[in-house]
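Novice:
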Amino acid sequence: MKLTELLKELQTQVPMCSSEEHDVDTRKAYMKKTRTFLHIIEESGVLKESEMNTLKRIRNKINDIWINYLYGRVNTASSQMQNLLQYRIHDDIYMDYFQNPGSQPAILYRGRISEKPLTDVKSFYHIPFNQRYLIGNQRYSLSGIPCLYLASSMDCVYAELGQKKNVCLCECKCKKDFPLFDMSIDYEYILHHKRTRKEVIDFLYTMPLKYACSIKALDNDGAKFKTNYIIPQLITATLYNMNTDIKGICYGSIAGNDLSYPMRLNYVYLPVYVLGKDIYDMELITSFDIKIRKM
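For the sequence shown, the positions run 1 to 295 when the working numbering is used.
1) Check this for me: beta carbons of Gln99 and Ile279, under 9 Å apart or not?
2) Where do the N-terminal and C-terminal ends of the alpha helix (DSSP H) with Phe225 fall, by residue?
3) For my contact list, Tyr71 and Ile230 are in at a C-beta cut-off of 8 Å; report their separation, rounded to the angstrom.
4) Output the residue ranges of the alpha helix (DSSP H) runs that lie fully inside the region 3-33 and measure 4 residues or longer, sorted by chain position.
5) Looking at the strands, I want to know which residues DSSP matches up with Leu55.
6) Tell me whether Ala159 sits in a helix, a strand or coil according to DSSP, three-state version.
7) From the DSSP output, read off the bridge partner residues of Val268.
8) Considering only residues of the same chain and omitting the five flanking positions on each side of Ser103, which have a CB-CB separation below 6 Å?
9) Tell me whether Asp289 sits in a helix, a strand or coil according to DSSP, three-state version.
10) Out of Ala255, Tyr240, Asn257, Gly256, state which residue places its alpha-carbon closest to the alpha-carbon of Ile249.
11) Taking the straight line between their C-alpha atoms, what separation do you get for Trp66 and Lys294?
12) Quick check on the burial criterion: 16 or more other C-beta atoms within 10 angstroms. Buried or exposed for Val268?
13) Could you tell me how far apart the beta carbons of Gly111 and Leu169 are, in whole angstroms, since I believe they sit closer than 8 Å?
14) Secondary structure at Leu141, three-state DSSP: helix, strand or coil?
15) Less than 9 Å between the C-beta atoms of Ala223 and Asp23, yes or no?
16) Label Arg27 either buried or exposed according to how many other C-beta atoms from any shown protein chain fall within 10 Å of its C-beta, with 16 as the threshold for buried.
17) By a C-beta neighbour count over all protein chains shown, 10 Å radius and 16 as the cutoff for buried, is Ala77 buried or exposed?
18) Any chance you could list the alpha helix (DSSP H) runs of at least 4 consecutive residues sitting entirely within the region 63-112, in chain order?
19) If you follow the beta strand (DSSP E) that Ile215 is part of, which residue opens it and which one closes it?
20) Strictly by DSSP, which residues pair up with Lys173?
21) State buried or exposed for Phe203, treating a residue as buried only when at least 16 other CB atoms are found within 10 Å of its CB.
22) In terms of alpha-carbon separation, which member of Lys2, Asn60, Glu43 lies closest to Thr34?
23) Just reading off the beta strand (DSSP E) that Leu209 is part of, what are its end residues?
24) Could you check which residue in Ser253, Ser18, Asp281, Thr12 has the C-alpha nearest to that of Gly162?
25) Given this structure, state the Cα-to-Cα distance separating Asn63 from Ser18, to the nearest angstrom.
26) Could you pull out every residue in the same chain whose Cβ sits closer than 6 Å to the Cβ of Lys175, ignoring the five residues on either side in sequence?
27) Let me confirm a value: Gly144 is counted as buried when at least 16 other C-beta atoms fall within 10 Å, else exposed. Which label applies?
28) Provide the residue span of the beta strand (DSSP E) that contains Leu180, from first to last.
29) Work out the CA separation of Ser50 and Asp155 for me, nearest whole Å.
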């Protein structure tokens, strides 16, 4: 079996996004899905034994992180996530496999639900640092830590908000490219771009982490805690802890998964808090020209 045939089979049998009926079962669902993922790859005979062992180690490390968090060993889980992102694979560092392959779109979109038009551009900033109590659970957001969520298309905004009615939109014209941690590259993307064997193997190494961050639980809407958010939120915390130049995370919208690849991307930017200064990360905010669209 060739690499292309393997990727097509994986795309069909174990697509990146999935849904699980119950929040409590999401880790087990992850283990079952990645077991199938590993079995398909092993049966194909395409990967070397050392490459298969690396894939298995990555998957097992993620499971250990998840379990330790659920057991209340949050510091251990956080340290393990940092170790995973810094995990050396031959001459590479694991987190380098998540480098953004291209520029951000020229225009990104942000939406707010409101019965009346929003006329102040500050309405589209991230939640201010002095109103952290408003920030609950989001996939890549820790409670109380502001993030700025933007989308690559208006349709993606509507999908995330769950409606088109009473949605105020703004266009955010990007004035600079930020280094991003890219979780969005999936089978569709990789199959449409010519890649070397090493690039495809590196992509496969990213999939266990992407699977862990791409599960939707159908019974936890509005929940104060979401098991399927543990891994993505630990990624965010780790990026803050590592003090890298990475300014955000790009990932495919699960709500908008039926959209084409470029149209379903979310961008979550990580504001930097400086004690005693502005209530917004103005360096981040002023990196966009924000224009409110008429309702």
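The beta carbon of each residue, even a glycine, is placed where N, CA and C say it ideally should be.
Specialist: Working from what's here:
1) By the CB criterion at 9 Å, Gln99 and Ile279 fall outside the cutoff.
2) That residue, Phe225, is in no alpha helix (DSSP H); it is neither H nor E in DSSP.
3) About 12 Å; that fails the 8 Å criterion.
4) With a minimum length of 4 residues, the continuous alpha helix (DSSP H) runs that stay inside the region 3-33 are 3-13.
5) The partner list for Leu55 (beta bridge, DSSP) is empty, contrary to what the question assumes.
6) In the displayed model, Ala159 falls within a helix according to three-state DSSP.
7) Note: Val268 is bridge-paired with Tyr149, Ile249 in the DSSP secondary-structure output.
8) Same-chain partners within the cutoff: Asp177.
9) Asp289 carries a strand assignment under DSSP once its states are collapsed to helix, strand and coil.
10) Ranking Ala255, Tyr240, Asn257, Gly256 by Cα distance to Ile249 puts Tyr240 first.
11) Computed Cα separation, rounded: 44 Å.
12) Val268 should be labelled buried.
13) Separation of the CB atoms of Gly111 and Leu169 is rounded to 5 Å, and the pair is thereby assigned contact status at 8 Å.
14) Strictly speaking, residue 141 in this sequence is Ser, with Leu absent from that position. If DSSP states are grouped into helix, strand and coil, Ser141 belongs with the strands.
15) Ala223 is a Cβ neighbour of Asp23, given a cutoff of 9 Å.
16) With 16 or more other Cβ atoms within 10 Å, it is buried.
17) By the C-beta density criterion, Ala77 is buried, having at least 16 other C-beta atoms within 10 angstroms.
18) If we require 4 residues or more, the alpha helix (DSSP H) runs fully inside the region 63-112 come out as 74-85.
19) Element bounds for Ile215: 215-217.
20) As computed with DSSP, Lys173 is found in a beta bridge with Ile107, Asp289.
21) Classification for Phe203: buried.
22) Checked all of Lys2, Asn60, Glu43; the closest Cα to Thr34 is Asn60.
23) Not the beta strand (DSSP E): Leu209 falls in the alpha helix (DSSP H), residues 197-212.
24) Of the residues Ser253, Ser18, Asp281, Thr12, the one whose Cα lies closest to the Cα of Gly162 is Ser253.
25) Asn63 and Ser18 have their C-alpha atoms some 17 Å from each other.
26) Contacts found: Ser287.
27) Looking at its Cβ environment, which holds fewer than 16 other Cβ atoms inside 10 Å, Gly144 is exposed.
28) Annotation for Leu180: the continuous beta strand (DSSP E) segment containing it runs 180-182.
29) Straight-line Cα distance between these residues: approximately 42 Å.
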